[in-house]
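Report on the structure given below.
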Amino acid sequence: MHFLYRSHVMVCGGTGCTSSNSEKIRAELDTKLEEYGLQDEIKVFKTGCFGLCAEGPIMMVYPEGAMYTMVKVEDVDEIVREHLLYGRPVKRLLAGDKEHMDITKALDSVAFFNKQMRVALRNCGKINPECIDEYIAFDGYKALEKVLTQMKPQEVIDEVNKSGLRGRGGGGFPTGLKWSFAARQVGDQKYVCCNADEGDPGAFMDRSVLEGDPHSVIEAMTIAGYAIGSNQGYVYVRAEYPIAVKRLDIAIKQAREYGLLGKNILESGFDFDIEIRLGAGAFVCGEETALMTSIEGHRGEPRPRPPFPAVKGLWQKPTILNNVETYANIPVIFLKGADWFSSIGTEKSKGTKVFALGGKINNVGLVEVPMGTTLREIVYDIGGGIPKGKKFKAAQTGGPSGGCIPAEHLDTPIDYDSLIQLGSMMGSGGLIVMDEDTCMVDIAKFFLEFTVDESCGKCPPCRIGTKRMLEILTRITEGKGTEEDIEKLEVLAKNIKASALCGLGQTSPNPILSTLKYFKDEYIAHVRDKKCPAGVCKSMLHYEINPEKCKSCGICAKVCPASCIKGEKKVPYVIDTDKCLKCGACMQKCPFGAISKV
Amino acid sequence: MAMVNITIDGKQLQVPDSYTILEAAREAGVNIPTLCFLKEINEIGACRMCVVEVKGSRSLQAACVYPVAEGLTVNTNTPDVREARKVTLELILSNHDKKCLTCVRNKNCELQTLSEELNIKDIRFEGEEFKGIVDDLSPSIVRDSSKCILCRRCVSMCKNVQTVSVIDTMNRGFNTIVTTAFNKPLNEVPCSNCGQCIAVCPVGALREKDDTDKVWKALSNPDLHVVVQTAPAVRVAIGEEFGLPIGSRVTGKMVEALKKLGFAKVFDTDTAADLTIMEEGTELIHRIKEGGKLPLITSCSPGWIKFCEHNYPDMLDNLSSCKSPHEMFGAVLKSYYAKEQGIDPKNIYVVSIMPCTAKKYEANREELSNNGNADVDVVLTTRELARMIKEAGIEFNNLTDAEFDQPMGDASGAGVLFGATGGVMEAAIRTVAEILSGEKLDNIDIKEVRGTEGIKEAEVKAGDLILKAAVVHGLGNARKLIESIQKGEKEYHFVEIMGCPGGCVNGGGQPIQPSRIRSWVDLRKERAKAIYEEDRDSKIRRSHENPIIKKLYDEYFEKPGSHKSHELLHTHYTPKPPYI
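So the sequences go chain by chain: A and B.
Position 6 of the first sequence, counting from 1, maps to 381 under this note's numbering, and the rest follow consecutively.
Position 577 of the second sequence, counting from 1, maps to 906 under this note's numbering, and the rest follow consecutively.
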């Protein structure tokens with residue numbers, strides 16, 4: 376039994392930490408605990424994500440609350456001996472304030488943690504996701520019990536409505552309203568679907584919830600089933616998330632064993648079950664109608680709406696679809712009340728939002744903050760700012776469907792509506808930070824490459840239009856663009872947005888539109904002056920050696936892979952720009968800073 | 330039917346709540362361009378040509394799939410709408426090979442029409458073009474994906490209507506292509522060759538294998554006696570190729586055109602249809618009386634035959650062993666006729682003008698030949714004949730009517746019925762019921778088997794027997810019926826199956842009508858009307874009363890089902906695996 380142990384050691388079993396060897400660390404912990412004879416006193420668990428992925432693998436020791444980061448297998452012996460045997464935490468590996476007197480407070484003074492508010496991620500890193508008892512110990516399935524025993528379906532919907540919860544998958548549609556549409560439909564069969572086909576590059580909050588707290592999704596889907604009158608749920612999860620799939624599968628089996636899924640749940644007379652459907656990784660299958668088409672066994676392509684899924688969804692039956700993070704909020708709303716939930720956030724965006732921080736930021740990882748937190752707080756306080764003291768240029772939110780927010784809007788409180796106003800969108804919560812060395816045309820091109828790859832091919836605006844936009848952006852970044860090309864981009868972007876079949880096609884021009892909105896001068900510099908101001912677009916830059924700074928040491932010539940730098944003693948070296956590959960190796964190696972990009 | 334009030338371009342109107350914006354706009358006299366849309370067959374909102382502004386909607390909406398609702402306000406002609414349509418069309422054109430002048434669909438291309446109507450003067454967004462594939466290995470159908478605009482009408486037709494499902498979309502995004510499994514050529518997949526994909530293609534991405542050169546060459550060969558026969562459905566459709574209204578009967582002009590093209594004789598496949606009725610009717614009576622395999626299923630439609638060989642090999646014994654009418658005719662021409670005319674059968678070249686692409690495949694079947702000499706040498710579709718007439722400079726609409734040639738020129742009205750769904754059944758009933766009862770039928774218009782309903786049933790008193798019959802058209806309906814027969818849910822004596830929806834009048838080789846016409850006019854009904862008129866106006870309306878048929882049996886075949894007729898007029902079938 377777990378509670379008999381004097382100490383609990385939790386090792387992150389999320390995808391990030393797993394890929395940086397946390398499995399081996401766990402094995403080593405077991406070995407060492409046995410070596411020191413501590414196996415009956417101390418228990419090691421695998422948990423979900425703590426969020427500080429850049430610092431993984433992460434290990435947490437309770438009851439002290441000591442967090443160890445970047446742990447190596449070789450460190451395990453020291454941690455077991457010093458901390459777990461002698462009670463002397465290994466300071467050099469501790470996260471947070473290493474010198475703090477009280478380890479339990481060490482993390483409180485760290486902005487990465489103390490500015491966060493973990494609602495959807497409440498159990499991630501706290502419980503063993505493969506153990507239903509632990510979920511139950513943290514009030515798991517209590518919301519379901521309350522709903523099934525004390526509430527009518529309409530009251531459930533009213534409560535969700537009152538909470539102000541909006542869809543966390545991208546569109547931000549009010550969840551309660553969505554449920555009420557489906558509840559209103561008369562029919563023998565309805566479905567509850569969960570969108571776990573997280574596809575935005577760099578976003579992994581849904582994966583983390585499934586890996587760290589799968590039961591919260593199961594509980595929420597069951598509540599949704601009760602609310603709309605459905606007894607069958609499907610979780611559509613991408614096959615590239617093997618750990619999430621495995622834990623979800625274990626969780627579903629455990630819930631069935633405990634009678635929390637299946638027939639007559641908690642003697643309420645309500646039946647509900649869930650099946651997993653694996654997606655093959657098509658980005659478009661995150662679009663609701665494409666997702667349903669894929670579950671039905673067809674090629675994953677969107678279909679026109681209306682009819683909306685709440686009326687005709689999966690197999691033409693009334694269906695609701697919410698994403699993982701949205702569901703993860705549901706049990707809390709019933710435990711703590713809609714009023715509590717709606718007290719968090721802004722006027723129109725309630726609760727918290729999980730962001731996946733990536734790009735040029737120190738604390739790459741997963742953070743959850745109340746809606747209305749400013750971009751500055753996220754980037755600088757929680758995210759720890761930008762590496763090498765570089766300047767913030769823009770943040771990209773909403774993935775390939777989103778847009779870039781420039782520095783002048785760093786203090787905007789972030790919620791669904793403010794992001795739309797800035798020409799971006801919440802999306803699933805990917806947040807990619809870009810510093811001064813980023814070329815915004817190149818960034819737009821990067822996202823367009825993704826969209827072109829992921830277009831399903833059903834409608835011409837997306838199938839051909841995104842391709843044409845990418846061709847133009849490629850021309851521009853290669854120094855072959857014209858001012859007319861910028862006009863063409865504007866025409867294409869406007870019309871693809873207006874006429875593409877699905878949300879993905881309609882939002883595919885957003886990276887272009889938002890960079891054109893805030894960084895048009897960069898586009899113009901590319902086409903008119905044939906210059907890339909950030910020095911990224913290779914064809915428009917060349918490397919030069921400043922003869923006054925050059926000491927003729929010859930290091931540059933040695934590292935040059937193209938052998939295009941020539942010189943001799945006491946004569947400054949020269950780069951043959953025709954042969955130069957623009958790799959930048961010479962500039963990096965020059966001890967005198969004599970080489971520069973022009 | 331509930332009605333709703335809507336506003337289109339400022340005009341208020343009341344329409345049924347089952348309407349789409351496109352249907353409502355039609356009623357309001359507003360033309361909305363479409364490209365992928367084909368009513369009841371392809372309603373997927375993919376091409377985005379029909380976008381309109383719907384009040385309250387963030388983006389433009391596809392009129393072809395957007396259901397009307399009370400209070401709906403739509404604008405179809407705003408600067409934004411016109412611009413969006415133009416940009417989309419320019420994008421489609423930027424990825425199309427645009428070799429209009431040498432395209433089989435030149436002047437009958439929906440993309441070309443739209444380009445003209447939307448006033449496209451320039452394609453602003455040129456770029457990489459998708460490198461397509463040309464598959465011309467099938468004897469019936471040629472695919473050219475560089476012309477394909479991915480409207481998916483062919484896929485819907487093949488998959489949903491015909492349930493043949495040999496083509497579908499493969500790959501994604503810009504690399505999307507409509508193709509077969511593993512990109513196999515059409516002759517290596519269980520394609521029925523019905524050609525319905527061609528009939529719905531808005532552009533020239535799907536076309537029949539053109540065999541006109543073979544015919545021109547034969548016609549100019551002085552050693553050959555080149556004869557031609559025309560199927561019943563051709564005469565009620567070919568006028569459309571020359572701008573005549575759908576359903577025009579142009580039998581006489583067609584015969585005259587064929588004579589002008591230089592054919593030695595112009596025969597009517599209807600004559601062979603009468604012969605088929607004699608053979609198939611006898612086979613039916615024999616099977617009923619002797620306890621043979623029932624139901625007997627017709628074998629006139631080569632699309633259906635190949636479909637059956639691939640999908641229902643255990644039903645092959647139910648198929649009538651009769652060759653299809655034009656193949657019978659070919660065999661008769663190269664035997665009886667050759668002998669009578671004193672021509673070496675090797676020098677007789679038989680051309681069949683058919684509404685059908687599957688007939689091209691059929692004519693290549695080894696079993697449909699006599700001592701290595703094919704019964705029919707080449708099959709042309711209605712469309713190919715029209716092309717030859719145009720190429721020869723013949724003013725079709727000004728031609729005077731001519732008669733089919735003797736000695737095989739007479740046919741009964743029953744024979745002409747073969748062109749429409751239910752026609753074989755009606756013709757067979759006229760003969761079989763009279764033979765079985767020994768009495769003349771009072772009413773020979775068997776209305777139960779006419780019309781476009783997918784599966785039709787009839788019970789006819791024939792002597793002591795109540796003859797139970799079913800008629801289906803379209804391979805999807807055939808699949809349904811066969812499976813209900815296999816499950817024992819249905820029992821019949823005689824079943825007529827035609828591969829194409831509506832039967833031969835709507836065959837895959839018939840003139841192609843654009844979506845804007847065929848979505849609102851039922852080609853099957855209009856063309857069938859002309860078929861029934863032709864029957865009504867015939868002097869002889871029963872196959873067994875056709876004097877030529879009587880003469881053929883007296884002088885050559887002896888009697889229906891004789892040894893001789895089995896040798897020349899009957900065939901056999903071979904199970905085919907789903908993928909070969």
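Every residue, glycine too, gets a C-beta built ideally from N, C-alpha and C.
Is the Cβ of Gln-414(A) closer than 7 Å to any Cβ of chain B? Residue numbering aside, residue 414(A) sits at position 39 when the first sequence is read from its first letter. No, because no Cβ of chain B sits closer than 7 Å to the Cβ of Gln-414(A).
Answer yes or no: do Gly-524(B) and Gly-837(B) have a C-beta to C-beta separation smaller than 7 Å? Counted from its first residue, the second sequence places residue 524(B) at position 195. Counted from its first residue, the second sequence places residue 837(B) at position 508. Yes, these two residues count as a Cβ contact at 7 Å.
Using a 10 Å radius around the Cβ and a threshold of 16 neighbouring Cβ atoms, would you call Pro-936(A) buried or exposed? As a working note, residue 936(A) is residue 561 in the first sequence. By the 10 Å Cβ count, Pro-936(A) comes out exposed.
CA-CA distance, Lys-964(A) and Ala-769(A)? What you label residue 964(A) is simply residue 589 of the first sequence in a count that begins at 1. What you label residue 769(A) is simply residue 394 of the first sequence in a count that begins at 1. Their backbone Cα atoms lie some 29 Å apart in a straight line.
Quick check: Ile-452(B) and Ser-423(B), are their CB atoms within less than 7 Å of each other? Numbered from 1 along the second sequence, position 123 holds the residue referred to as residue 452(B). Numbered from 1 along the second sequence, position 94 holds the residue referred to as residue 423(B). Closer than 7 Å, so yes.
Residue-level contact to chain B via CB, Ser-874(A), 7 Å cutoff: Residue numbering aside, residue 874(A) sits at position 499 when the first sequence is read from its first letter. Closer than 7 Å to some Cβ of chain B, the Cβ of Ser-874(A) qualifies, so yes.
Which residues of the stretch 635-666 of chain A have a Cβ closer than 9 Å to any Cβ of chain B? Give them in chain order. Ala-657 and Val-659
Can you give me the C-alpha to C-alpha distance between Glu-676(A) and Glu-369(B), rounded to a whole angstrom? The sequence position of residue 676(A) within the first sequence is 301, counting from 1. The sequence position of residue 369(B) within the second sequence is 40, counting from 1. Answer to the nearest angstrom: the Cα atoms are 20 Å apart.
With DSSP as the reference, identify every bridge partner of Gln-390(B), one or two as the case may be. For the purposes of this step, residue 390(B) is taken as residue 61 along the second sequence, with counting starting at 1. Beta-bridge pairing links Gln-390(B) to Val-381(B).
Can you name the residues that DSSP bridges to Gly-734(A)? Reading the first sequence from its first residue, position 359 is the one you call residue 734(A). DSSP lists Val-808(A) as partners of Gly-734(A).
Could you work out which residues of chain B lie near Pro-835(A), taking near to mean beta carbons separated by less than 7 Å? Sequence index remark: in the first sequence, residue 835(A) carries index 460 (1-based). Here the neighbours are Cys-376, Arg-377, Thr-417, Leu-420 and Ile-421.
Between Val-934(A), Lys-517(A) and Ala-875(A), which lies nearest to Ala-974(A) when the distance is taken from Cα to Cα? Residue 974(A) falls outside the range modelled here, since chain A spans only 376 to 973, and no answer is possible.
Mind checking if Glu-862(A) is an interface residue toward chain B, Cβ cutoff 7 Å exclusive? Taking the first residue of the first sequence as position 1, residue 862(A) is located at position 487. So no, Glu-862(A) is outside the interface.
Using a Cβ cut-off of 8 Å, which residues of the stretch 679-690 of chain A contact any Cβ in chain B, in chain order? Pro-679, Pro-681 and Pro-682
From Gly-568(B) to Leu-666(A), what does the alpha carbon distance come to, in whole angstroms? By 1-based counting over the second sequence, the position of residue 568(B) is 239. By 1-based counting over the first sequence, the position of residue 666(A) is 291. If I take the Cα positions, the gap works out to 48 Å.
When you compare the CB of Val-827(A) with every CB in chain B, is at least one pair closer than 7 Å? Taking the first sequence and counting its residues from 1, the one referred to as residue 827(A) is at position 452. Yes, its Cβ sits closer than 7 Å to a Cβ of chain B.
Given a cut-off of 7 Å, decide if Lys-407(A) and Val-455(A) are closer than it, judged by their beta-carbon atoms. Working through the first sequence from its first residue, we reach residue 455(A) at position 80. Working through the first sequence from its first residue, we reach residue 407(A) at position 32. Going by C-beta atoms, Val-455(A) is nearer than 7 Å to Lys-407(A).
Between the beta-carbon of Cys-907(A) and the beta-carbon of Cys-814(A), is there less than 7 Å? As a working note, residue 907(A) is residue 532 in the first sequence. As a working note, residue 814(A) is residue 439 in the first sequence. Yes.
What runs of the alpha helix (DSSP H), each 4 residues or longer, lie entirely inside the stretch 776-822 of chain B? The DSSP assignment places 804-815 as complete runs of the alpha helix (DSSP H) inside the stretch 776-822 of chain B, in order along the chain (cut-off: 4 residues).
With a threshold of 6 Å on Cβ separation, who are the neighbours of Asn-921(A) within its own chain once the five nearest residues in sequence on each side are excluded? Position 546 of the first sequence, counted from the start, is the residue given in the question as residue 921(A). The answer, listed in chain order, is Ala-969.
For Phe-513(A) and Asn-498(A), which I take to be in contact (beta-carbon distance under 8 Å), what is that distance rounded to the nearest angstrom? Locating residue 513(A) in the first sequence gives position 138, counting from the first residue. Locating residue 498(A) in the first sequence gives position 123, counting from the first residue. Between the beta-carbon of Phe-513(A) and that of Asn-498(A) there is about 6 Å, and that keeps the pair under the 8 Å contact cut.
Please list, in chain order, the chain B residues whose beta carbon lies closer than 8 Å to that of Asn-870(A). In the first sequence, counting from the first residue as 1, residue 870(A) sits at position 495. Chain B residues near Asn-870(A): Glu-412, Ala-413, Val-416 and Thr-417.
Burial state of Trp-633(B), where buried means 16 or more other Cβ atoms lie within 10 Å: On the second sequence, position 304 is the one that residue 633(B) refers to. Label assigned to Trp-633(B): buried.
One or two residues paired with Tyr-678(B) in a DSSP bridge: As a position in the second sequence, residue 678(B) is number 349, starting the count at 1. DSSP output for Tyr-678(B) lists Val-555(B) as bridge partner(s).
Entirely enclosed beta strand (DSSP E) segments - the stretch 503-589 of chain A, minimum 3 residues: 566-571
Counted within 10 angstroms of its Cβ, other Cβ atoms place Asn-676(B) as buried (16 or more) or exposed: The count along the second sequence starts at 1 and reaches residue 676(B) at position 347. By the neighbour-count rule (16 or more Cβ atoms within 10 Å), Asn-676(B) is not buried but exposed.
Local conformation of Pro-745(A) per DSSP, three classes: Position 370 of the first sequence, counting from 1, holds the residue named residue 745(A). Looking at Pro-745(A) - three-state DSSP - the assignment turns out to be strand.
For Glu-410(A), count neighbouring C-beta atoms within 10 Å of its own C-beta (all shown protein chains included) and say buried if the count is 16 or more, exposed if not. By 1-based counting over the first sequence, the position of residue 410(A) is 35. Exposed, by the Cβ-count rule.
Whose C-beta lies closer than 6 Å to the C-beta of Ile-718(B) among residues of the same chain, with five residues either side of it excluded? The residue you call residue 718(B) lines up with position 389 of the second sequence. Around Ile-718(B): Ala-586 and Phe-725.
How big is the Cα-Cα spacing for Tyr-902(B) and Ala-557(A)? Translated into the one-based positions of the second sequence, residue 902(B) becomes position 573. Translated into the one-based positions of the first sequence, residue 557(A) becomes position 182. C-alpha separation (whole angstroms): 53 Å.
Tell me, please, whether the CB atom of Ser-521(B) is closer than 7 Å to any CB atom in chain A? Taking the first residue of the second sequence as position 1, residue 521(B) is located at position 192. No, Ser-521(B) lies away from the interface with chain A (no Cβ there is under 7 Å from its Cβ).
Taking the beta carbon of Thr-857(A) as the centre, do at least 16 other beta carbons fall within 10 Å, making it buried, or is it exposed? Numbered from its first residue, the first sequence carries residue 857(A) at position 482. Thr-857(A) should be labelled exposed.
Short CB-CB distance (under 7 Å) between Thr-509(B) and chain A: Working through the second sequence from its first residue, we reach residue 509(B) at position 180. No - not a single Cβ of chain A is within 7 Å of the one on Thr-509(B).
Using 8 Å as the threshold, is the stretch 758-775 of chain B in touch with the stretch 791-800 of chain B, meaning 3 or more CB pairs across them? yes
Quick one: is Gln-607(A) near chain B, going by C-beta distance under 7 Å? Counted from its first residue, the first sequence places residue 607(A) at position 232. Chain B contact via Cβ: absent.
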